[in-house]
Amino acid sequence: MPNSRYDAVIVGGGHNGLVAAAYLARAGRRVLVLERLPRVGGAAVSARVFPGVDARLSRYSYLVSLLPRKVVRELGLRLELRRRRIASYTPAVRDGKPTGLLVDAADPARTRDSFRALTGSDREWQAWQRFYGMTAEVARQVFPTLTEPLPTRAELRRRVGDDTAWTALFERPLGEEVERRFTDDLVRGVVLTDALIGTFTHAHDPELRQNRCFLYHVVGNGTGDWDVPVGGMGAVTDALAEAALAAGAEIRTGCEVTAIATDGHGDAEVSYRHGDESEATVAGRRVLVNAAPATLARLLGEEPGPGPAPEGSQLKVNMVLRRLPRLRDAAADPREAFAGTFHIAEGYRQLETAYAEAAAGRLPSAPPSEIYCHTLTDPSILGPEAARQGLHTLTLFGLHMPARLFGVPYDRAAEERALAASLAQLDAVLAEPVADCLAVDADGRPCIEARTPPQLEREIGLPGGHIFHRDLAFPFTEEEPAGVAARWGVATAHPNVLLCGAGAVRGGGVSGIPGHNAAQAVLAGPDR
Numbered sequence: 004m005p006n007s008r009y010d011a012v013i014v015g016g017g018h019n020g021l022v023a024a025a026y027l028a029r030a031g032r033r034v035l036v037l038e039r040l041p042r043v044g045g046a047a048v049s050a051r052v053f054p055g056v057d058a059r060l061s062r063y064s065y066l067v068s069l070l071p072r073k074v075v076r077e078l079g080l081r082l083e084l085r086r087r088r089i090a091s092y093t094p095a096v097r098d099g100k101p102t103g104l105l106v107d108a109a110d111p112a113r114t115r116d117s118f119r120a121l122t123g124s125d126r127e128w129q130a131w132q133r134f135y136g137m138t139a140e141v142a143r144q145v146f147p148t149l150t151e152p153l154p155t156r157a158e159l160r161r162r163v164g165d166d167t168a169w170t171a172l173f174e175r176p177l178g179e180e181v182e183r184r185f186t187d188d189l190v191r192g193v194v195l196t197d198a199l200i201g202t203f204t205h206a207h208d209p210e211l212r213q214n215r216c217f218l219y220h221v222v223g224n225g226t227g228d229w230d231v232p233v234g235g236m237g238a239v240t241d242a243l244a245e246a247a248l249a250a251g252a253e254i255r256t257g258c259e260v261t262a263i264a265t266d267g268h269g270d271a272e273v274s275y276r277h278g279d280e281s282e283a284t285v286a287g288r289r290v291l292v293n294a295a296p297a298t299l300a301r302l303l304g305e306e307p308g309p310g311p312a313p314e315g316s317q318l319k320v321n322m323v324l325r326r327l328p329r330l331r332d333a334a335a336d337p338r339e340a341f342a343g344t345f346h347i348a349e350g351y352r353q354l355e356t357a358y359a360e361a362a363a364g365r366l367p368s369a370p371p372s373e374i375y376c377h378t379l380t381d382p383s384i385l386g387p388e389a390a391r392q393g394l395h396t397l398t399l400f401g402l403h404m405p406a407r408l409f410g411v412p413y414d415r416a417a418e419e420r421a422l423a424a425s426l427a428q429l430d431a432v433l434a435e436p437v438a439d440c441l442a443v444d445a446d447g448r449p450c451i452e453a454r455t456p457p458q459l460e461r462e463i464g465l466p467g468g469h470i471f472h473r474d475l476a477f478p479f480t481e482e483e484p485a486g487v488a489a490r491w492g493v494a495t496a497h498p499n500v501l502l503c504g505a506g507a508v509r510g511g512g513v514s515g516i517p518g519h520n521a522a523q524a525v526l527a528g529p530d531r
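First residue of the sequence shown: 4, per this note's numbering; consecutive thereafter.
In structure tokens, the structure reads:
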């Protein structure tokens, strides 16, 4: 028999689980959070990765866009998100000379000049303005709905109020719109990358996976801006854990949930194992699962749902540098170029080629990736000595690196090849090898580490290393949903078991939205 009973048991202490815990505890519910790892946060954590180097890296997730200000305000989170002045820099070669495209979020005239210098006219700049003007209006209409009951497709379309935008973003493959609006291959690629982060797909995917991914990357807080969490991603988790504990939630770490039993009506029973291997069971009126649907199926002893198993497709590389590298484009200031999103090998044709090679089971010949430097916007993650030395952190997020490339059993040599190929593409746009700029740790080793999808599965429980737990869904339902949990997009086949993680409708990214919505479903439902 269970030895404890709670109003809500939350499986997984990632950021969404903490959001749900804080809301429910503030509403007077008795809440227990069970986390497998020794610390909460899941992918939203900071860590001193390299011995003797006092730099708290955002080891997995690293930027914030989708966390609603509403959640920050309602939970009283002590959290600062800092805007990046430079949105992006993309190195290029034109007429045999190194150059690049700079998007300065605070200076449209400077951005226009950069477009003109790269492409020879104002056409692409004007197309850029029109396209992102359209997405900005969609963001203003769509984002508020993410923390409301799910609209139907027809309701959301009416809210968007622009048939051209609706067709381009919700109905037709995004590649059609990109190719219709833009002619320059590099500009097309910069636009498309937001459709590929964490999603293994291509511009003309008929299932619109690219559209769904793109939408979540451009709607955040109605602006689509991606901000730097001051103190690193761990500061987000710390603020959420503080809010949950202050509200009265109980958090147990080192507790791996092994099974969930429910008949759908009475209390559900959650069995878990302590770090010392002892077993325990608790009962919950509701169980909120901050884990992937595939993981939930396993815990329930059920078969996973239809379709292929989740598969991540990224290579995450963390580095600490002695200094920022110089660029081949001598006119580009590294302190600006690396402050925003630095695009590497992400021309439109390059992205499509890399996808085709990876889909065929081969390492991309020119792996695309994106880099940014946290310390240029927020140096607080450095300890005093690291700051005095002028160290910087670099995060590289590689695209089109599906889990299948790394073998079963795990192929360490494949990881090394993927890292070397990605760094080679970076070096191709630098005036010096990035290896020459790396700091060394207390043991004399270069400060660089890579994380592949299989490693993410092993370390933080992402199935197949999929950072969104499964393919993202559009933020609507085809017809009016039945039941409170379904209306909030968090329902499972069991009425007293809800999803509160990235695998919920309107999940994905560091947002807290699924956690908020699961809590609202519990609070709006019958108090059994």
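All C-beta atoms in this analysis are idealised placements derived from N, C-alpha and C, irrespective of residue type, glycine included. Keep in mind it's a predicted model, so treat the numbers as computed, not measured.
Q: Indicate the three-state DSSP secondary structure (helix, strand or coil) for Tyr-358 in the structure shown.
A: The count along the sequence shown starts at 1 and reaches residue 358 at position 355. It is helical.
Q.
Can you tell me where the alpha helix (DSSP H) holding Ala-423 begins and where it ends?
A. One-based indexing of the sequence shown puts residue 423 at position 420. The continuous alpha helix (DSSP H) containing Ala-423 extends over residues 415–430.
Q) Where do the ends of the alpha helix (DSSP H) carrying Asp-166 lie? A) Taking the first residue of the sequence shown as 1, we reach residue 166 at position 163. Residues 166–169.
Q. Starting from Glu-282 and walking both ways along the beta strand (DSSP E), at which residues does that stretch end?
A. The residue given as residue 282 occupies position 279 in the sequence shown. Unbroken beta strand (DSSP E) run through Glu-282: 282–292.
Q. How many angstroms separate the CA atom of Leu-318 from the CA atom of Gly-269?
A. Here residue 318 refers to the residue found at position 315 of the sequence shown. Here residue 269 refers to the residue found at position 266 of the sequence shown. Cα-Cα distance, rounded: 43 Å.
Q. Which word fits Thr-170, buried or exposed, when buried means at least 16 other C-beta atoms lie within 10 angstroms of its C-beta?
A. As a working note, residue 170 is residue 167 in the sequence shown. Burial call: exposed.
Q. Would the segment 409–419 and the segment 341–349 be scored as touching if the rule is three or more Cβ pairs under 8 Å?
A. No: fewer than three Cβ pairs fall under 8 Å.
Q) Excluding five sequence neighbours on each side, which residues of the same chain lie with their C-beta closer than 8 Å to the C-beta of Arg-420? A) The residue labelled residue 420 in the question sits at position 417 within the sequence shown. Cβ neighbours of Arg-420 beyond the five flanking positions: Leu-366.
Q: Determine the extent of the alpha helix (DSSP H) in which Ala-157 is found, giving its start and end residues.
A: Position 154 of the sequence shown holds residue 157. Segment 156–163, the alpha helix (DSSP H) holding Ala-157.
(Q) If I follow the unbroken beta strand (DSSP E) through Arg-454, where does it start and stop? (A) For this step, residue 454 is matched to residue 451 along the sequence shown. Arg-454 -> beta strand (DSSP E) spans 451–454.
Q. Touch check for the segment 15–28 and the segment 266–284: three-plus C-beta pairs under 8 Å?
A. No, the segment 15–28 is not in contact with the segment 266–284.
(Q) Across the segment 35–46 and the segment 209–222, are there enough close Cβ pairs to call them in contact, namely three or more that are closer than 8 Å? (A) Result no; under three Cβ-Cβ pairs closer than 8 Å.
Q. Gly-515 and Val-22: beta carbons closer than 9 Å?
A. Indexing the sequence shown from 1 puts residue 515 at position 512. Indexing the sequence shown from 1 puts residue 22 at position 19. Taking 9 Å as the Cβ cut-off, Gly-515 and Val-22 qualify as a contacting pair.
Q) When burial is assigned at 16 or more other CB atoms within 10 Å of the CB, is Ala-246 buried or exposed? A) In the sequence shown, the residue the question calls residue 246 occupies position 243. By the 10 Å Cβ count, Ala-246 comes out buried.
Q. Which same chain residues, not among the five before or five after His-519, have their C-beta less than 7 Å away from its C-beta?
A. Start at 1 with the first residue of the sequence shown, and residue 519 comes out as number 516. Cβ contact annotation for His-519 (same chain, cutoff 7 Å, sequence separation greater than five): Val-22, Tyr-26, Val-74 and Thr-150, in chain order.
Q) CA-CA distance, Val-432 and Leu-330? A) The residue labelled residue 432 in the question sits at position 429 within the sequence shown. The residue labelled residue 330 in the question sits at position 327 within the sequence shown. Taking the Cα positions, Val-432 is about 6 Å away from Leu-330.
Q | Length-filtered (3 minimum) beta strand (DSSP E) runs lying within the segment 64–131 | A | Fully enclosed beta strand (DSSP E) runs of 3 or longer: 89–97 and 100–107.
(Q) Can you tell me whether Glu-482 is helix, strand or coil according to DSSP? (A) Numbered from 1 along the sequence shown, position 479 holds the residue referred to as residue 482. Of the three classes helix, strand and coil, the one that applies to Glu-482 here is coil, per DSSP.
Q: With DSSP collapsed to three states, give me the class of His-346.
A: Taking the first residue of the sequence shown as 1, we reach residue 346 at position 343. In the structure shown, His-346 sits in a strand (DSSP, three-state: E or B).
Q.
Tell me which residue opens and which closes the beta strand (DSSP E) that Met-322 is part of.
A. Taking the sequence shown and counting its residues from 1, one reaches residue 322 at position 319. 318–324 is the span of the beta strand (DSSP E), which, as asked, contains Met-322.
Q.
Report the CB separation of Val-233 from Arg-85 in whole angstroms; it is logged as a contact under 8 Å.
A. Stepping through the sequence shown from its first residue, residue 233 is reached at position 230. Stepping through the sequence shown from its first residue, residue 85 is reached at position 82. Confirmed, about 5 Å.
**Q.** Three-way DSSP call (helix, strand, coil) for Glu-272 in this model
**A.** If you number the sequence shown from 1, residue 272 lands on position 269. Reduced to three states, the DSSP call for Glu-272 is strand.
Q. Any chance the CB of Gly-287 is under 8 Å from a heavy atom of the ligand GDP?
A. This structure lacks the ligand GDP, and indeed carries no ligand of any kind.
Q) From Ser-61, Arg-391, Glu-373 and Leu-379, pick the residue whose C-alpha is nearest to that of Leu-399; which is it? A) Sequence index remark: in the sequence shown, residue 399 carries index 396 (1-based). Closest option to Leu-399, Cα to Cα, is Glu-373.
Q) At which residues does the alpha helix (DSSP H) containing Glu-245 begin and terminate? A) As a working note, residue 245 is residue 242 in the sequence shown. Segment 236–250, the alpha helix (DSSP H) holding Glu-245.
Q: Compare the C-alpha of Gly-304 against each of Leu-70, Val-260, Gly-278 and Asp-336 and name the closest.
A: Walking along the sequence shown from the start, residue 304 turns up at place 301. It is Val-260 whose Cα lies nearest to the Cα of Gly-304.
Q) Ordered along the chain, which non-local residues of its own chain (more than five positions away) have a Cβ less than 6 Å from that of Val-578? A) In the structure as shown, the chain begins at 4 and stops at 531. Residue 578 is therefore absent and cannot be evaluated.
(Q) Under DSSP, the alpha helix (DSSP H) around Thr-196 begins and ends at which residues? (A) Numbered from 1 along the sequence shown, position 193 holds the residue referred to as residue 196. Thr-196 -> alpha helix (DSSP H) spans 188–196.
Q: Go ahead and pull the three-state DSSP assignment for Gly-511.
A: Here residue 511 is taken as the residue at index 508 of the sequence shown, counted from 1. The answer is coil: DSSP assigns Gly-511 none of H, G, I, E or B.
Q. By the 10 Å Cβ neighbour count, where 16 or more other Cβ atoms means buried, how is Arg-87 classified, buried or exposed?
A. Position 84 of the sequence shown, counted from the start, is the residue given in the question as residue 87. Buried: at least 16 other Cβ atoms inside 10 Å.
**Q.** C-beta contact flag for Val-292 and Leu-429 at 9 Å
**A.** What you label residue 292 is simply residue 289 of the sequence shown in a count that begins at 1. What you label residue 429 is simply residue 426 of the sequence shown in a count that begins at 1. No. Outside cutoff.
Q.
Just to check my reading of the structure: Tyr-9 and Leu-35 have Cβ atoms closer than 8 Å, yes? What is that Cβ distance to the nearest angstrom?
A. In the sequence shown, the residue the question calls residue 9 occupies position 6. In the sequence shown, the residue the question calls residue 35 occupies position 32. Sure, about 5 Å apart at Cβ, within 8 Å.
Q) Using a Cβ-Cβ cut-off of 8 Å (strictly less than) and excluding sequence neighbours within five positions of Tyr-219, which residues of its own chain qualify? A) Position 216 of the sequence shown, counted from the start, is the residue given in the question as residue 219. Leu-69, Leu-475, Gly-511 and Gly-512.
(Q) I'd like to confirm the pairing. Which residues does DSSP put opposite Glu-180 in its beta bridges? (A) Reading the sequence shown from its first residue, position 177 is the one you call residue 180. Answer by DSSP bridge pairing: none, since Glu-180 is not bridged.
(Q) Short of 6 Å in beta carbon distance, which residues of its chain neighbour Thr-480, apart from the five on each side in sequence? Order them along the chain. (A) Indexing the sequence shown from 1 puts residue 480 at position 477. Leu-153 and Thr-155.
Q. For Cys-258, which three-state DSSP category applies?
A. Start at 1 with the first residue of the sequence shown, and residue 258 comes out as number 255. In the structure shown, Cys-258 sits in a strand (DSSP, three-state: E or B).
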